[in-house]
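Peer 1:
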Amino acid sequence: MPSTCQPSVVQADFEGGQAPFFLFRSVNIYNALISTLACMVALHFDSFGQPRCSIRQWPPTPGRLFACFIILGFFVGLGLLAYSPGMSGGLVFDDKPNLMPIETLGGIVDQKKLLAFLLSSDSAPSRPLSLLSFVMDDQYWPLDTYALKRTNLALHLINGLLVFWLSGLLFAKGRSASTQHWGMIGAGLCAALWLINPLQVSTVSYIIQRMTELSALFVLSGLIFYWKVRRYLSPRFWLTLALLSLGVLIFMILGLASKENALLLSLFLALLEFFFLRKESLPNKLAQLRVWQIWKGLCFAGPIVLFLLYWTIQSNGFSTGFEHRAFTLSERLLTESRILWMYVYSIFIPQMSHTGLFSDEIVLSTGLFSPVTTLGSLLGLVAWTGGAWALRNRAPLVGFGLLFFMVGHLLESTFLPLELYFEHRNYLPQWGLWVALTGLVFKLHRFVSNRIFLCGGIGYLLVSLFVTFNSAALWGNSLALAKVWHTNNPGSVRALQFLAFEFHQNGDTEKAEQLIEQGIDRFPDSLALPLTNALIKCGRAGFRFNERDVLTLARISTVETAAYESVQLLANKLSLGDTCDGLNQAGIERILLTLSENPYYSANAVTLSRILEQVAILAVERRDLNESMYYYDKACEAACSPAIRFTQAELLLSAGLLKDARDFFNEGAELLNHSVIYQHKNPSILEAQASLKARLAPYD
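Using this note's numbering, count along the sequence shown one by one with no gaps and you end on 1369.
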């Protein structure tokens, strides 16, 4: 891979003659970061001895430079070997919805479109840093998936070096000079096991999970920064406090701009403090001690408290958001207690039979004894947490690692209305398990020699490498990946749809149709499958759309993104003049209206607004002004936008209803003026407003 960083300039036209828009080849930037990190890690340890903190380490000795190359070669070589087969393959699951704005914006060719893309995520605060990293790889659709995955791998290698550095800090503390080398060997093995664990494949090879990698990068950097400042500058109280405040703030902001789970940095810092650093030198004066206690409370608990307050106010309670899910808050909490043990098993037992991205068939826990493993899982987690805290003095590495894993799942595996299971949620938390295991090994060295443990660790590492290599190879072949996921998730509708789509993409339409027909028989409650079947077969002899059955499903079906998308595609086909026996535009409208009354779909205001807006568009196509205005108004009642009001103004202006057109235009303009973010997310809306205003001007 190239080691120099050469800029790739994207020429663009800017208003007012602004400077060109410079973007750099991200892989070169990340290569430089990898090299820099490796040197920093190597310089930090003097022949894997006591950690130092002095600029007098420069210039480096030949021994440290050699260590730099050894560390860099080991981790980069190991990562490249394990994940390189997954660099091919296309977009899957959430990749396309998150990156699609690049296509709808016509490429990221100027500052306005860049800003619109950075604000395109529905998450708060929109994850702009992660989105910017995608633009650094490619600015036009279709995207270069190889470049995107290559950057994901580079980030993973960087994180591997940070994990090694942080592990080394933990394992070196309290060791005598004669045993320092075992601490560094343990740190290297711990980091290597984290780096190539098979469960990491679905983060490294899943393009959109770069957000998880970037968030982890800033969390790890924040932990290392806190350790270094806290341990080596503690006697200088006010300088320590100032540096800690600045560092935590910077790394927290950068992490949150990548993905929201960086919020857990504050709790991870609390674990470092209470397990390893609480006995470090503290302020001598009472006033300083009080300031220190207040600072710790604000740093460790403040961000979490603020988030909980924000979530409670924004969501009007913790149970909000589950209306469009097939499970309640209590069912999610109970089920997650079992899923956490599933994660632990998958982390420690290398296997290729993971669920991948589809976990529709996970059995919900509807009570403590339904299924019976629920109560045991909950009690096990209570014992896990209590036992970990009890070990803080006798075996701090073990206790810290166990609690790190638990804390790492506090957001995505608890009360938030997210999907139940995703492997990438273990990306950073699983490091805690490897720390705990390594710490346990060190505690047992009296009974079994370190060399035996080392040989066992290397053997386990080789097994993990083999499984990870083959898992990554699957991600490099979308059709093979779809087959494995369907086999491993026979009860997943989405896994079946993904395989059918891959068959269709590869020109094997017959297999795609057979698979969908089998799915319709097997999953009679799925609305997406009969609609997808219609998309493929409409217009063929012998096929007739069964509207009555589809309407029945539309009344009771849980939310399926593929279902709504299929309805839109069918409407587009009919608008273009295609025919479908048993289905017309009126039938499409009936399906959409039925979905708007479905409690799972109507629970989400944005989804409901889009459905009703589509009904209004159908009314426009048949030139029914009154009905189109009615459904645009209903869409606005659910979730209004300036674009809806401007569209209504356009329709009224075309019908000669000038006063009404001006009223709707003014309402849209007012909405637009009160939403600066909407303006930036939709750069064309200002042009549409100006054009409509100019057309209305002669009638003022």
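Note that the Cβ used here is the ideal one computed from N, Cα and C, for glycine as well.
Considering only C-alpha positions, which residue in the set G1145, Y1368, P1367 and S1310 is nearest to L1341?
Peer 2: Among G1145, Y1368, P1367 and S1310, the Cα nearest to that of L1341 belongs to S1310.
Peer 1: Could you give the residue range of the alpha helix (DSSP H) that holds F1038?
Peer 2: No alpha helix (DSSP H) holds F1038; DSSP gives it neither H nor E.
Peer 1: Since G748 contacts L864 with CB under 8 Å, what's their CB separation in whole angstroms?
Peer 2: Sure, about 6 Å apart at Cβ, within 8 Å.
Peer 1: Closer than 8 Å by C-beta to I1257: which residues in its own chain qualify, once you throw out the five before and the five after it? Chain order, please.
Peer 2: V1236, L1239, A1240, L1243 and L1287, listed in sequence order.
Peer 1: Hey, could you find the ends of the alpha helix (DSSP H) Q1174 is sitting in?
Peer 2: Q1174 -> alpha helix (DSSP H) spans V1162 to Q1174.
Peer 1: Applying the 10 Å Cβ sphere with the 16-neighbour rule, what's the burial state of S723?
Peer 2: A caution first: S723 carries a pLDDT of 42, below 50, which makes its placement in the model unreliable, though a value can still be read off. Its Cβ having fewer than 16 others within 10 Å, S723 is exposed.
Peer 1: Helix, strand or coil for C1207, going by three-state DSSP, please let me know.
Peer 2: Coil, per DSSP.
Peer 1: Exposed or buried, N1202, counting other C-beta atoms within 10 Å across all chains shown (16 or more means buried)?
Peer 2: With 16 or more Cβ atoms within 10 Å of its Cβ, N1202 is classed as buried.
Peer 1: Is it buried or exposed, L883, if we count other Cβ atoms within 10 angstroms and call 16 or more buried?
Peer 2: Buried: at least 16 other Cβ atoms inside 10 Å.
Peer 1: For P936 versus V832, is the C-beta distance shorter than 7 Å?
Peer 2: First, the residue type needs correcting, since residue 936 is Leu and not Pro in the sequence shown. The answer is no: Cβ separation not under 7 Å.
Peer 1: Within the continuous alpha helix (DSSP H) that includes K1426, where are the two ends?
Peer 2: Within the shown structure, residues of the chain are numbered from 670 to 1369, placing residue 1426 beyond reach of any answer.
Peer 1: Please say whether L1196 and A1151 have beta carbons closer to each other than 7 Å?
Peer 2: Result no, Cβ atoms of A1151 and L1196 do not sit closer than 7 Å.
Peer 1: Would you mind reading off the limits of the alpha helix (DSSP H) that contains Q878?
Peer 2: Where Q878 is concerned, there is no enclosing alpha helix (DSSP H), given that its DSSP letter is neither H nor E.
Peer 1: When you compare only the Cα positions, how much space is there between Q1099 and M1011?
Peer 2: Whole-angstrom Cα-Cα distance: 13 Å.
Peer 1: May I ask you to report which of helix, strand or coil DSSP gives F1124?
Peer 2: Per the sequence shown, the amino acid found at residue 1124 is Cys instead of Phe. Looking at C1124 - three-state DSSP - the assignment turns out to be helix.
Peer 1: Consult DSSP for C1309 and reduce its assignment to one of helix, strand or coil.
Peer 2: DSSP places C1309 in coil when its eight states are reduced to three.
Peer 1: Considering only C-alpha positions, which residue in the set T1042, F1069, T1043 and L1044 is nearest to G1055?
Peer 2: Out of T1042, F1069, T1043 and L1044, F1069 has the C-alpha closest to the C-alpha of G1055.
Peer 1: Can you tell me whether L1238 is helix, strand or coil according to DSSP?
Peer 2: L1238 falls in the helix class under three-state DSSP.
Peer 1: Tell me whether L1277 sits in a helix, a strand or coil according to DSSP, three-state version.
Peer 2: Note: L1277 maps to helix in three-state DSSP.
Peer 1: Can you give the Cα-Cα distance for T909 and G966, rounded to whole angstroms?
Peer 2: One C-alpha to the other measures close to 16 Å.
Peer 1: For N1335, which of K1362, V1345, N1351 and I1354 has the nearest alpha-carbon?
Peer 2: N1335 has its Cα closest to that of K1362, out of K1362, V1345, N1351 and I1354.
Peer 1: Which of the three DSSP states is assigned to L1003 in this structure?
Peer 2: It is helical.
Peer 1: What's the gap between the Cα of D715 and the Cα of A841?
Peer 2: Summary for D715: the model assigns pLDDT 44, below 50, so the residue's position carries little reliability, and this model does not support an answer.
Peer 1: Between A1164 and F1172, which are expected to be in contact by the criterion C-beta below 8 Å, what is the C-beta distance as a whole number of angstroms?
Peer 2: Not a contact, Cβ separation roughly 13 Å.
Peer 1: Should T1263 be labelled buried (16 or more other beta-carbon atoms within 10 Å of its own) or exposed?
Peer 2: Under this definition T1263 is a buried residue.
Peer 1: Can you tell which of L915, P1193, L1355 and V1153 has its C-alpha closest to the C-alpha of G1337?
Peer 2: Taking only the C-alpha atoms, the option nearest G1337 is L1355.
Peer 1: Measuring CA to CA, which of Y895, F920 and I854 is closest to L886?
Peer 2: Per the Cα distances, F920.
Peer 1: Tell me the DSSP bridge mates of L946?
Peer 2: DSSP, once it has assigned bridges, lists no residue as partnering L946.
Peer 1: Under 7 Å between the Cβ atoms of F1333 and R1364?
Peer 2: No, the pair does not count as a contact, with Cβ atoms beyond the cut-off.
Peer 1: To the nearest angstrom, how far is the alpha carbon of V1032 from that of I777?
Peer 2: Taking the straight line joining both Cα atoms gives about 43 Å.
Peer 1: From T1178, L1130, Y1347 and T1107, pick the residue whose C-alpha is nearest to that of L750; which is it?
Peer 2: Here the closest residue by C-alpha is L1130.
Peer 1: Verify whether the separation of the beta carbon atoms of S950 and S903 is less than 7 Å.
Peer 2: The answer is yes: Cβ separation under 7 Å.
Peer 1: Where does E1290 land, buried or exposed, given buried means 16+ other C-beta within 10 angstroms?
Peer 2: Result: exposed.
Peer 1: Using 7 Å as the threshold, is the C-beta distance between W907 and L838 below it?
Peer 2: Taking 7 Å as the Cβ cut-off, W907 and L838 do not qualify as a contacting pair.
Peer 1: Mind pulling the beta strand (DSSP E) runs of 3 or more residues that sit fully within the stretch 908 to 964?
Peer 2: Segments of the beta strand (DSSP E) lying fully in the stretch 908 to 964: there are none.
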